[in-house]
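*Asks:* Handing you a structure now.
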Amino acid sequence: MRRLDIASAALIAILAILFPFFVNAYWLHVMIIGMIFAIMAASWSLIAGYAGQFSFGHMAFVAIGGYTAALLATGFNLPLPLGMLAGVLLSALLGGAIGWTCLRMSGPYLAIFTMAFSEVLRIIIVTEVEVTGGAGGMTVPQLFQAKTDLPYYYLILALLIVSVGGMMAVVASRWGLFFRAIRENEQAAAAAGVKVTRFRIIAFAIASSLAGLAGAFYAPYIGILTPDVASQDQMGLVVAMAIVGGMESLPGAVAGAIVVEFLVEALRSYGQWRLVLFGALLLFTMRFARNGLIAPGWLRLRSLAAPRGPRLAKEAAD
Amino acid sequence: MLQYFLIQAANGLVIGVLFALIATGLTIIFSILKIVNFAHGEIYMVGGYFGYYVITLLGVPPFPAVLVAMALTFLFSVAIERGLLTPLYSPRIERKADYGILVTFGLSVFLRNIAIIIFGPFPLRPPSFITGDLVFGGLIISYDRLVAAGGGILLLVALIWFLNRTVWGQALNAVSQSRESASIVGINSERMYMLAFGVGGALAGGAGALIAPIYSLSPSMGLVPDTQAFVIVILGGLGSVSGTIIAALLLGLSENLFIAFLPDPSRGPSYANAFGLAIMMLVLLFRPTGIFGRQHLAME
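Same order as they appear, the protein sequences are chains A and B.
Numbering of the first sequence is given in our numbering, commencing with residue 2 and proceeding in unit increments.
Numbering of the second sequence is given in our numbering, commencing with residue 582 and proceeding in unit increments.
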């Protein structure tokens, strides 16, 4: 089984590297956006799916990463990569701070608190027109001077692999067990010796820093940054991606994000219907397939591919 | 200047009454179903549109139209509850609170965006209840606002009567205290979940229909009341109807006075929402049981 996973991961990596040579500039752009969303969805699934903290403030950190990079680059003439790094660090710091602030909250209280944080931030960005450009947005300098999107593509591919690989390593380690223990029952986890406070803050800091990374990359790539990135509709889109992929599966969230983003583009001519469809898809998945559509589908496919019988029994014994 | 503050205070109280309608709906749903309805603002929006179409398409006069809109919102909410929330009562589902959060959040995105398609993105305004303004000394207030506040107060009184003086209200109270004990005395709790979600939705719908002539209707009109209702129920203590009503009046008043006192008028309206949210965040941090200190039930 493990061999099959590694083989398919290698195949997907090769396909991803060769992808730009098979498609035109438009679909390359769609893929880049899909991978940005993949980082957001996977990091949200780390904090909500694994650690059980339903934060609706995830997009606030995307905005923090993006606006920090943009403001440092335009206002202080700092090199853009440094600004992006600052955005990631600030997101990690503020994410940890939010995690620390709402240590005593759980479930709907946490969801309301983080949603309020996100809304307050969005309102500030909209209102402080002199600094942020308000609802009209602010222009962000380019990261590369190239004519094609190829450098962006390979950079975001590398960032996606590093961040999702890093999160998968965290989840596979003892930390992943701690996260899940906290999700299932905080008191029991604390009684079993899990440092609940520390790991709730760590989960928030990791997820927020990656959200900030996605935002810091998104801003110079698109070239214009608006407060809409922190809107509840965008949050809904990311939640739909993570849930369609499978709440407790980081590769599932990545696949969910890319599939949903391609659907978004394929349905572009239907305009307003898109968010309706994703709302409906989210409702359908929650109502009838709570484990998501993509991750369980992959597991089923894998069990079909693997030979049955003695080998299966041997693996169970391992 | 004093006159300006008076007008702002009066407007604040009117809005406070309507906030109270929306937020008591949210609190009733919470105390019975034990979920926070993230789509509550969207049900308020749907109620406003129901009112509009009952008036413009069916030709119902504005006053009865509010009641018709409430009845329609009641049915609409019950349909949502039957379609999406029944897994909350099934023993096979784990982490019910998470399911409630995600399903209602998805519903809010869905309703907000399908409303743009069905109702159009442009603001609609139903005819006034009574045209004109009441001038009382230096105080000028439109009759529509007075009607909205009066209607809101009537509905709140009716709600309190319903909750305290009727069999249905007592059954709801019993279920909110203990589902198991309520079933032992023969209360069908599933029916109470339907009733609570329906009544909660109808209150929001009534607020939407009452407010429509003051502000116009738009598909995104639910976004602000959504968060405002959270602010109110957290301030008042989740699950407490009287605390919710007081907190709603306080919030409506203080937000409007905040706008009046803020030196920069162009920023006032947008920071007024942030002001409420910031207060809520502080309350959640330092006094999570609400400012009146009600001990509410722990979340599952």
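The beta carbon of each residue, even a glycine, is placed where N, CA and C say it ideally should be.
Would you mind sorting Y704 of chain B into buried or exposed? The rule is 16 or more other CB atoms within 10 Å of its CB.
*Replies:* In the sequence as presented, Tyr is not what sits at residue 704 of chain B; that position holds Pro. So P704 of chain B ends up on the exposed side.
*Asks:* Closest to Y680 of chain B by CA distance: which of B:R673, B:S689, B:L669 is it?
*Replies:* Ranking the options by Cα distance to Y680 of chain B, first place goes to B:L669.
*Asks:* In the DSSP output, what is S723 of chain B paired with across the bridge?
*Replies:* The partner list for S723 of chain B (beta bridge, DSSP) reads B:D714.
*Asks:* Does the region 8-15 of chain A come into contact with the region 127-145 of chain A, if we say contact requires no fewer than three beta-carbon pairs (one atom in each stretch) closer than 8 Å?
*Replies:* The region 8-15 of chain A vs the region 127-145 of chain A: no contact.
*Asks:* If contact is defined by three or more beta carbon pairs under 8 Å, each pair taking one atom from either stretch, is the region 689-705 of chain B in contact with the region 292-303 of chain A?
*Replies:* At 8 Å Cβ cutoff, the stretches do not touch.
*Asks:* Excluding the five sequence neighbours on either side, which residues of its own chain have a C-beta within less than 6 Å of the C-beta of S757 of chain B, listed in chain order?
*Replies:* The answer, listed in chain order, is S612, I613.
*Asks:* Quick check: what's the CA-CA separation for A52 of chain A versus R175 of chain A?
*Replies:* Distance between the alpha carbons of A52 of chain A and R175 of chain A: 13 Å.
*Asks:* What residues match up with M139 of chain A in a beta bridge as DSSP calls it?
*Replies:* Its beta-bridge partners are A:L226.
*Asks:* For my contact list, I295 of chain A and G216 of chain A are in at a C-beta cut-off of 8 Å; report their separation, rounded to the angstrom.
*Replies:* Rounded, the Cβ-Cβ distance is 24 Å, inconsistent with contact.
*Asks:* For the region 277-284 of chain A against the region 186-206 of chain A, do three or more pairs of beta-carbon atoms, one drawn from each stretch, fall closer than 8 Å, so that the two count as touching?
*Replies:* The region 277-284 of chain A vs the region 186-206 of chain A: no contact.
*Asks:* Out of A:G58, A:A11, A:G67, point me to the one whose CA is closest to L214 of chain A's CA.
*Replies:* When each option's Cα is compared against that of L214 of chain A, the closest is A:G67.
*Asks:* Does the CB of L683 of chain B have a neighbour CB from chain A at under 7 Å?
*Replies:* Chain A, which has a Cβ nearer than 7 Å to the Cβ of L683 of chain B, makes this yes.
*Asks:* Closer than 9 Å, Cβ to any Cβ of chain B: which residues of the region 38-69 of chain A, in chain order?
*Replies:* For the region 38-69 of chain A, which is checked against every Cβ of chain B, the residues closer than 9 Å are A49, G53, F55, F57.
*Asks:* Tell me whether I636 of chain B, by its Cβ, gets closer than 6 Å to a heavy atom of the ligand ZN.
*Replies:* The model on display carries no ligand, and the ligand ZN is accordingly not part of it.
*Asks:* Taking only three categories from DSSP, how would you classify L594 of chain B?
*Replies:* Correct three-state label for L594 of chain B: helix.
*Asks:* Confirm, please, whether the CB-CB distance from A43 of chain A to A231 of chain A is below 7 Å.
*Replies:* No, these two residues do not count as a Cβ contact at 7 Å.
*Asks:* Smallest Cα separation from F55 of chain A: which of A:T69, A:Y110, A:N78?
*Replies:* The shortest C-alpha separation from F55 of chain A is found at A:Y110.
*Asks:* I'd like the span of the alpha helix (DSSP H) that includes F180 of chain A, first residue to last.
*Replies:* Its alpha helix (DSSP H) spans residues 175-185.
*Asks:* Determine whether the Cβ of A75 of chain A lies closer than 7 Å to any Cβ atom of chain B.
*Replies:* Per the sequence presented here, residue 75 of chain A reads as Thr, with Ala not at that position. Judged by the 7 Å Cβ criterion, T75 of chain A is not in contact with chain B.
*Asks:* Grouping DSSP H, G and I as helix and E and B as strand, with all else coil, what is P311 of chain A?
*Replies:* Its pLDDT being 48, under 50, P311 of chain A is placed unreliably by the model, and the measurement read from it follows with that caveat. Here P311 of chain A sits in helix by DSSP.
*Asks:* Mapping DSSP to helix, strand and coil, what is L104 of chain A?
*Replies:* Reduced to three states, the DSSP call for L104 of chain A is coil.
*Asks:* Roughly how far, in whole angstroms, is the beta-carbon of A1 of chain A from the beta-carbon of G96 of chain A, given that I think they are within contact range, below 8 Å?
*Replies:* Nothing can be reported for residue 1 of chain A: it is not among the residues displayed for chain A, which extend from 2 to 319.
*Asks:* Is T667 of chain B close to chain A? Criterion is C-beta to C-beta, closer than 7 Å.
*Replies:* No, T667 of chain B lies away from the interface with chain A (no Cβ there is under 7 Å from its Cβ).
*Asks:* Assess contact between the region 218-225 of chain A and the region 28-45 of chain A, defined as three or more Cβ pairs (one per stretch) separated by less than 8 Å. Is contact present?
*Replies:* In short, these stretches touch, since the Cβ pair count reaches three.
*Asks:* Give a yes or no on whether 7 Å exceeds the smallest Cβ distance from I113 of chain A to chain B.
*Replies:* Yes, because at least one Cβ of chain B sits closer than 7 Å to the Cβ of I113 of chain A.
*Asks:* What do you reckon, are the CB atoms on T654 of chain B and G782 of chain B nearer than 7 Å?
*Replies:* Yes.
*Asks:* Runs of 4 residues minimum, wholly inside the region 230-282 of chain A: which ones carry the alpha helix (DSSP H) assignment?
*Replies:* Segments of the alpha helix (DSSP H) lying fully in the region 230-282 of chain A: 233-246, 251-267.
*Asks:* Listing by chain order, which chain B residues have their CB less than 8 Å from the CB of M106 of chain A?
*Replies:* Correct list: L865, P869.
*Asks:* Under DSSP, the alpha helix (DSSP H) around R868 of chain B begins and ends at which residues?
*Replies:* Run containing R868 of chain B: none; DSSP gives neither H nor E here.
*Asks:* Show which residues of chain B have a CB atom less than 8 Å away from the CB atom of T140 of chain A.
*Replies:* Here the premise fails: no neighbours, minimum Cβ distance about 23 Å.
*Asks:* Report the start-end ranges of each alpha helix (DSSP H) in the region 796-873 of chain B that is 4 residues or longer and not cut off at the edges.
*Replies:* Listed in chain order, they are 804-817, 822-842, 849-867.
*Asks:* Report all residues from its chain with a CB closer than 7 Å to the CB of A241 of chain A; omit the five preceding and five following residues, and keep chain order.
*Replies:* Same-chain partners within the cutoff: V261, F279, L282, L283.
*Asks:* In terms of DSSP beta bridges, what is F705 of chain B paired with?
*Replies:* The sequence as given places Leu at residue 705 of chain B; Phe does not occur at that position. For L705 of chain B, which the question treats as bridged, DSSP gives the partners B:L798.
*Asks:* Tell me, please, whether the CB atom of M287 of chain A is closer than 7 Å to any CB atom in chain B?
*Replies:* Interface residue, yes.
*Asks:* Secondary structure at E675 of chain B, three-state DSSP: helix, strand or coil?
*Replies:* Correct three-state label for E675 of chain B: coil.
*Asks:* Measure the Cβ-Cβ separation of I596 of chain B and G820 of chain B and say whether it is below 7 Å.
*Replies:* Contact flag unset, no.
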